[in-house]
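J.: Residue numbers (the numbering used here), protein chains in the order written: chain P, 115 to 459; chain S, 115 to 459.
Next up is a structure, given as structure tokens.
Number of protein chains: 2
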Amino acid sequence: MAGRKEDPAIAVPTRALSNVRFNEESRHIEMGENKQSRNFFNYGQAKRFMQTLLVASKCKELIDRDKTASIRQVYYLSKHTIKGTKEKTFDDQSESDPVIEDLEVAIDSLREELHVFASNRGNMAGPVTLVDAGNTLDCAAMGSAGYAVPSIVEADVIQFKKCSAKFILHVEKDTVWRRFHEDRFWETHRCIISHGGGQPARGMRRLLRRMHEELKLPVFVLLDNDPWGYYIYSVIKHGSINLAYESRRMAVPDAVFLGVSSFDYERCEMSDDVKIELDANDIKRAKQIANYPWFADKRPWQKEIRKMLANGFKMEVEAMISKDLEYLTGEYVPMKLKDKKQWLD
Amino acid sequence: MAGRKEDPAIAVPTRALSNVRFNEESRHIEMGENKQSRNFFNYGQAKRFMQTLLVASKCKELIDRDKTASIRQVYYLSKHTIKGTKEKTFDDQSESDPVIEDLEVAIDSLREELHVFASNRGNMAGPVTLVDAGNTLDCAAMGSAGYAVPSIVEADVIQFKKCSAKFILHVEKDTVWRRFHEDRFWETHRCIISHGGGQPARGMRRLLRRMHEELKLPVFVLLDNDPWGYYIYSVIKHGSINLAYESRRMAVPDAVFLGVSSFDYERCEMSDDVKIELDANDIKRAKQIANYPWFADKRPWQKEIRKMLANGFKMEVEAMISKDLEYLTGEYVPMKLKDKKQWLD
Numbered sequence: 115m116a117g118r119k120e121d122p123a124i125a126v127p128t129r130a131l132s133n134v135r136f137n138e139e140s141r142h143i144e145m146g147e148n149k150q151s152r153n154f155f156n157y158g159q160a161k162r163f164m165q166t167l168l169v170a171s172k173c174k175e176l177i178d179r180d181k182t183a184s185i186r187q188v189y190y191l192s193k194h195t196i197k198g199t200k201e202k203t204f205d206d207q208s209e210s211d212p213v214i215e216d217l218e219v220a221i222d223s224l225r226e227e228l229h230v231f232a233s234n235r236g237n238m239a240g241p242v243t244l245v246d247a248g249n250t251l252d253c254a255a256m257g258s259a260g261y262a263v264p265s266i267v268e269a270d271v272i273q274f275k276k277c278s279a280k281f282i283l284h285v286e287k288d289t290v291w292r293r294f295h296e297d298r299f300w301e302t303h304r305c306i307i308s309h310g311g312g313q314p315a316r317g318m319r320r321l322l323r324r325m326h327e328e329l330k331l332p333v334f335v336l337l338d339n340d341p342w343g344y345y346i347y348s349v350i351k352h353g354s355i356n357l358a359y360e361s362r363r364m365a366v367p368d369a370v371f372l373g374v375s376s377f378d379y380e381r382c383e384m385s386d387d388v389k390i391e392l393d394a395n396d397i398k399r400a401k402q403i404a405n406y407p408w409f410a411d412k413r414p415w416q417k418e419i420r421k422m423l424a425n426g427f428k429m430e431v432e433a434m435i436s437k438d439l440e441y442l443t444g445e446y447v448p449m450k451l452k453d454k455k456q457w458l459d
Numbered sequence: 115m116a117g118r119k120e121d122p123a124i125a126v127p128t129r130a131l132s133n134v135r136f137n138e139e140s141r142h143i144e145m146g147e148n149k150q151s152r153n154f155f156n157y158g159q160a161k162r163f164m165q166t167l168l169v170a171s172k173c174k175e176l177i178d179r180d181k182t183a184s185i186r187q188v189y190y191l192s193k194h195t196i197k198g199t200k201e202k203t204f205d206d207q208s209e210s211d212p213v214i215e216d217l218e219v220a221i222d223s224l225r226e227e228l229h230v231f232a233s234n235r236g237n238m239a240g241p242v243t244l245v246d247a248g249n250t251l252d253c254a255a256m257g258s259a260g261y262a263v264p265s266i267v268e269a270d271v272i273q274f275k276k277c278s279a280k281f282i283l284h285v286e287k288d289t290v291w292r293r294f295h296e297d298r299f300w301e302t303h304r305c306i307i308s309h310g311g312g313q314p315a316r317g318m319r320r321l322l323r324r325m326h327e328e329l330k331l332p333v334f335v336l337l338d339n340d341p342w343g344y345y346i347y348s349v350i351k352h353g354s355i356n357l358a359y360e361s362r363r364m365a366v367p368d369a370v371f372l373g374v375s376s377f378d379y380e381r382c383e384m385s386d387d388v389k390i391e392l393d394a395n396d397i398k399r400a401k402q403i404a405n406y407p408w409f410a411d412k413r414p415w416q417k418e419i420r421k422m423l424a425n426g427f428k429m430e431v432e433a434m435i436s437k438d439l440e441y442l443t444g445e446y447v448p449m450k451l452k453d454k455k456q457w458l459d
């Protein structure tokens with residue numbers, strides 16, 4: 115901010131691909147040093163300047179009232195017609211969402227710390243007891259859908275009490291997760307099983323990171339053998355490119371890709387029934403992902419992706435059960451966990 | 115099935131719009147009497163006949179092993195290459211899904227009773243204690259995301275133990291639900307709050323029905339003021355047209371539409387900020403819904419839908435908080451609950 119007689123301004127780190135880089139040491143995607151100044155006395159920037167302060171004041175109000183709001187709710191809270199004009203502060207949520215992101219980077223916080231939440235998605239089960247909003251919950255006894263991971267999982271909401279799990283197995287979909295839960299995988303392998311309902315929501319990723327860091331649990335990831343699966347792994351491990359600034363507190367750089375690998379078709383003697391032909395988009399995406407800086411210099415990943423392209427097909431985690439309903443949980447994953455040579459890092 | 119020397123056949127009630135009708139008395143959508151015979155000694159039907167038996171045998175296996183599987187898993191379990199040929203039992207899940215539905219109607223069961231599950235979605239909180247897969251869960255103390263409603267909620271999985279709630283408030287989205295949960299609405303109003311993450315999944319609908327029936331709880335529904343909101347209400351109340359056969363055990367014909375009503379813009383003196391213009395598709399859908407037999411002869415619903423068309427705009431539940439963060443939970447819904455004249459049935 116500026117002093118007296120100066121043009122009020124906010125410095126916002128530039129959220130653009132050009133200002134994103136891969137930190138080789140910490141192994142997460144991070145933002146560079148570029149900043150943009152947003153000035154009040156600038157015809158082109160005044161509106162955005164005011165919008166930023168408006169959203170900031172709403173966040174301050176949320177924190178003061180000890181309430182949270184969705185990004186859509188922040189939009190409705192901030193939208194009004196400016197007195198004496200027909201001009202609205204925001205015409206659409208697509209205007210307020212980037213302002214929330216600006217604010218996150220400008221004051222180096224996560225939106226969850228500003229009491230703003232995203233949709234929640236994801237469940238988990240296993241021998242960990244935590245306190246969530248004052249309720250003590252044993253995740254080994256939370257019913258058939260498990261513990262519902264909320265959108266805000268910061269330390270003021272969730273505290274870990276007890277944990278006898280040795281690792282976390284994170285799977286892609288709820289239907290796969292249910293297979294593991296029903297087969298009591300978390301009990302026989304003393305672990306936590308979690309899923310994110312596809313690309314995991316922020317709450318799930320942040321919780322994985324916190325459990326990894328605070329409970330010292332290794333994270334294994336089981337995803338479909340397709341470019342989308344590779345991408346989900348990439349985001350869990352290194353962070354997302356669009357929201358690079360959050361990676362520092364969301365990414366799990368030690369996460370291990372357990373499968374499904376392109377080599378598993380032969381390795382596990384699967385039948386043709388599991389094959390799904392790659393389409394043009396799959397091939398394009400696979401090549402893009404192979405060129406991500408964090409995959410480009412890893413020989414095992416290059417081999418993995420080349421093998422998928424050579425196979426000409428992709429495979430789903432659920433396809434593993436075409437051998438038997440319990441093959442996935444009783445044989446496939448235990449084999450994968452044992453044989454470190456099959457891990458992709 | 116057929117006796118000795120007869121052509122083996124299965125009678126499958128016809129799942130087509132022509133065989134669907136609205137039962138005025140029970141107030142749910144139901145199937146008519148039309149059946150199709152599926153014969154083994156019929157060139158055009160033999161494959162489907164075999165597929166039906168194959169899926170049936172997999173379901174029997176699931177039940178015998180006390181396991182469940184997703185519809186995708188049933189597909190992979192049933193898919194194989196027929197010995198000595200290159201013919202597959204199923205080429206695609208789009209072939210096995212209708213067979214599961216055939217089976218449901220042919221033996222008058224829900225897929226959940228055949229141990230087949232859909233994706234789960236939806237959460238709830240409030241003063242009800244239930245047992246889920248042997249775990250006793252107090253839904254008033256399940257953390258910030260509440261109790262995760264599983265995909266199978268039949269009586270062998272979920273039993274109700276204790277309930278001091280007086281009614282259920284079902285809302286459309288998780289972000290709205292979180293508003294109610296955070297504001298402790300279930301506590302101040304002694305009720306259960308639930309959401310289905312949009313169009314509620316089967317598990318959520320079946321649980322609403324069971325709580326309505328077994329715990330004698332009235333169901334109030336709070337949805338966006340748009341054709342999609344009307345449609346969700348229609349499905350919760352009367353059942354879905356595509357899966358008419360399940361309505362008898364999933365629909366809640368007494369469910370009450372609490373809002374958001376097209377009249378609430380004026381009634382609640384909302385500002386212009388809540389308006390979202392109707393598009394051509396909204397207008398088309400609204401007219402279609404007005405013509406549903408179960409809405410067509412209800413004057414209040416005709417007025418409601420006509421008012422939306424006259425307004426020319428739709429409104430979201432979350433827009434109500436543009437007045438204040440707590441307006442929705444502290445004023446709007448309490449007012450709606452009190453004033454029976456505003457209920458839409």
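Virtual Cβ for every residue (Gly too), placed ideally from N, Cα, C.
Below 8 Å, how does it come out for the segment 182-192 of chain P and the segment 224-233 of chain P: are there three or more Cβ pairs, yes or no?
T.: yes
J.: Compute the distance between the beta-carbons of L336 of chain P and V431 of chain P, then report whether it is under 7 Å.
T.: Residue mapping note: residue 336 of chain P aligns to position 222 of the first sequence, counting from 1. Residue mapping note: residue 431 of chain P aligns to position 317 of the first sequence, counting from 1. Yes, they are a contact pair.
J.: Ordered along the chain, which non-local residues of its own chain (more than five positions away) have a Cβ less than 7 Å from that of C305 of chain P?
T.: Residue 305 of chain P sits at position 191 when you count from the first residue of the first sequence. Answer for C305 of chain P: G240, A279, K280, F281, I282, L283, listed in chain order.
J.: Say whether chain P places a C-beta atom closer than 7 Å to the C-beta of D246 of chain S.
T.: Counting from 1 along the second sequence, the entry for residue 246 of chain S is found at position 132. Yes, D246 of chain S lies at the interface with chain P (some Cβ there is under 7 Å from its Cβ).
J.: Using a Cβ-Cβ cut-off of less than 9 Å, give me the residues of the segment 260-290 of chain P that come near chain S, in sequence order.
T.: Listed by position, the residues of the segment 260-290 of chain P near chain S (Cβ gap below 9 Å) are G260, Y261, A262, V263, P264, S265, I266, V267, V271, I272, K287, D288, T289, V290.
J.: Starting from I306 of chain S, trace the beta strand (DSSP E) both ways and give me its first and last residue.
T.: Within the second sequence, the letter at position 192 stands for residue 306 of chain S. Its beta strand (DSSP E) spans residues 306-309.
J.: Whose C-beta lies closer than 7 Å to the C-beta of G142 of chain S among residues of the same chain, with five residues either side of it excluded?
T.: Translated into positions along the second sequence, residue 142 of chain S becomes position 28. Per the sequence presented here, residue 142 of chain S reads as His, with Gly not at that position. Only H352, G353, S361, R362, A365, P367 meet the Cβ criterion.
J.: Just mark K119 of chain S as buried or exposed, buried being the case when its beta carbon has 16 or more other beta carbons within 10 Å.
T.: Position 5 of the second sequence holds residue 119 of chain S. Counting Cβ neighbours within 10 Å, K119 of chain S comes out exposed, since fewer than 16 surround it.
J.: Going straight from the alpha carbon of G73 of chain P to that of N425 of chain S, what length do you get?
T.: Not covered by the structure: residue 73 of chain P. The range shown for chain P is 115 to 459.
J.: Check whether chain S comes within 7 Å of G240 of chain P, counting only Cβ atoms and requiring the distance to be less than that.
T.: Residue mapping note: residue 240 of chain P aligns to position 126 of the first sequence, counting from 1. No, G240 of chain P does not count as interfacial toward chain S.
J.: Could you check the C-alpha separation between G317 of chain S and E268 of chain S for me, to the nearest Å?
T.: As a first step, residue 317 of chain S must be located in the second sequence, where it is residue number 203. As a first step, residue 268 of chain S must be located in the second sequence, where it is residue number 154. So the two alpha carbons sit approximately 9 Å from each other.
J.: In chain P, which residues lie less than 7 Å from H229 of chain S when you measure between Cβ atoms?
T.: Numbered from its first residue, the second sequence carries residue 229 of chain S at position 115. Residues of chain P passing the Cβ test: none, with the nearest at roughly 10 Å.
J.: Does the beta carbon of Y345 of chain S come closer than 7 Å to any beta carbon on chain P?
T.: Taking the first residue of the second sequence as 1, we reach residue 345 of chain S at position 231. Closer than 7 Å: no.
J.: I'd like to confirm the pairing. Which residues does DSSP put opposite P127 of chain S in its beta bridges?
T.: Position 13 of the second sequence, counting from 1, holds the residue named residue 127 of chain S. Answer by DSSP bridge pairing, in chain order: S:K149.
J.: Which residues of chain B have a Cβ atom closer than 7 Å to the Cβ of N339 of chain S, listed in chain order?
T.: The displayed structure is made up of protein chains P and S, and chain B is not among them.
J.: Taking the runs of the alpha helix (DSSP H) that are 4 residues or longer, which of them lie wholly in the segment 397-445 of chain P?
T.: 407-410, 413-425
J.: Kindly give me the distance between the Cβ atoms of A358 of chain S and V134 of chain S, rounded to whole angstroms, as I take these residues to be in contact under 8 Å.
T.: The residue given as residue 358 of chain S occupies position 244 in the second sequence. The residue given as residue 134 of chain S occupies position 20 in the second sequence. The Cβ separation is near 5 Å, so the contact holds.
J.: Which residues in chain S sit within 8 Å of D387 of chain P, going by Cβ to Cβ distance?
T.: By 1-based counting over the first sequence, the position of residue 387 of chain P is 273. Here the neighbours are Y190, K193, H194, T195, K202.
J.: Could I get the ranges of all uninterrupted beta strand (DSSP E) runs contained in the segment 322-391 of chain P, with 3 residues as the minimum, in chain order?
T.: 333-336, 370-373
J.: From this set, S:N156, S:R225, S:G146, S:P127, which residue's C-alpha is nearest A170 of chain S's C-alpha?
T.: Numbered from its first residue, the second sequence carries residue 170 of chain S at position 56. A170 of chain S has its Cα closest to that of S:R225, out of S:N156, S:R225, S:G146, S:P127.
J.: Would you mind sorting D270 of chain S into buried or exposed? The rule is 16 or more other CB atoms within 10 Å of its CB.
T.: Start at 1 with the first residue of the second sequence, and residue 270 of chain S comes out as number 156. D270 of chain S is exposed by the Cβ-count criterion.
J.: Would you kindly report the start and end of the unbroken alpha helix (DSSP H) that includes I282 of chain P?
T.: Within the first sequence, numbered from 1, the residue matching residue 282 of chain P stands at position 168. No alpha helix (DSSP H) contains I282 of chain P, which is instead part of the beta strand (DSSP E) from 281-285.
J.: Do the CB positions of T203 of chain S and L176 of chain S come within less than 7 Å of each other?
T.: As a working note, residue 203 of chain S is residue 89 in the second sequence. As a working note, residue 176 of chain S is residue 62 in the second sequence. It is not a contact, given that the beta carbons lie outside the stated cut-off.
J.: Three or more C-beta pairs closer than 8 Å, one from the segment 285-293 of chain S and one from the segment 310-324 of chain S: is that the case here?
T.: yes
J.: Between K181 of chain S and chain P, is the shortest Cβ-Cβ distance under 7 Å, so that the two count as touching?
T.: In the second sequence, residue 181 of chain S corresponds to position 67, counting from 1. Chain P contact via Cβ: present.
J.: Here's the rule I'm using: 16 or more other beta-carbon atoms within 10 Å means buried, otherwise exposed. How should N405 of chain P be labelled?
T.: Residue numbering aside, residue 405 of chain P sits at position 291 when the first sequence is read from its first letter. N405 of chain P is exposed by the Cβ-count criterion.
J.: Please tell me whether V126 of chain P and A220 of chain P are closer than 7 Å, where the distance is taken between their beta carbons.
T.: Your numbering for residue 126 of chain P matches position 12 in the first sequence. Your numbering for residue 220 of chain P matches position 106 in the first sequence. Their beta carbons are under 7 Å apart, which means V126 of chain P touches A220 of chain P by this criterion.
J.: Hey, could you find the ends of the alpha helix (DSSP H) D252 of chain S is sitting in?
T.: Indexing the second sequence from 1 puts residue 252 of chain S at position 138. Note, D252 of chain S: premise wrong, no alpha helix (DSSP H); beta strand (DSSP E) at 249-252.
J.: Do W408 of chain S and F154 of chain S have their CB atoms nearer than 7 Å?
T.: For the purposes of this step, residue 408 of chain S is taken as the residue at position 294 of the second sequence. For the purposes of this step, residue 154 of chain S is taken as the residue at position 40 of the second sequence. No, these two residues do not count as a Cβ contact at 7 Å.
J.: Would N156 of chain S pass as an interface residue toward chain P - the criterion being a Cβ-Cβ separation below 7 Å?
T.: In the second sequence, counting from the first residue as 1, residue 156 of chain S sits at position 42. False, the Cβ-Cβ gap to chain P never drops below 7 Å.
J.: Taking L322 of chain P as the reference, give the member of P:F274, P:H295, P:I355 with the closest Cα.
T.: As a position in the first sequence, residue 322 of chain P is number 208, starting the count at 1. Out of P:F274, P:H295, P:I355, the CA that lies nearest to the CA of L322 of chain P is found in P:F274.
J.: Return the chain-ordered ranges of every alpha helix (DSSP H) run that is complete within the segment 184-253 of chain P and spans a minimum of 4 residues.
T.: 185-192, 207-220
J.: What's the gap between the Cα of E327 of chain S and the Cα of T243 of chain S?
T.: As a working note, residue 327 of chain S is residue 213 in the second sequence. As a working note, residue 243 of chain S is residue 129 in the second sequence. Computed Cα separation, rounded: 16 Å.
J.: Could you give the distance in angstroms between the alpha-carbon of D387 of chain S and the alpha-carbon of L251 of chain P?
T.: In the second sequence, the residue the question calls residue 387 of chain S occupies position 273. In the first sequence, the residue the question calls residue 251 of chain P occupies position 137. In a straight line, the C-alpha of D387 of chain S is about 41 Å away from that of L251 of chain P.
J.: Compare the C-beta of E432 of chain S against all C-beta atoms of chain P and say whether one is closer than 7 Å.
T.: The count along the second sequence starts at 1 and reaches residue 432 of chain S at position 318. At least one chain P Cβ lies under 7 Å of E432 of chain S.
J.: Excluding the five sequence neighbours on either side, which residues of its own chain have a C-beta within less than 6 Å of the C-beta of M429 of chain S, listed in chain order?
T.: As a position in the second sequence, residue 429 of chain S is number 315, starting the count at 1. So the qualifying residues of the chain are N339, V374, V388.
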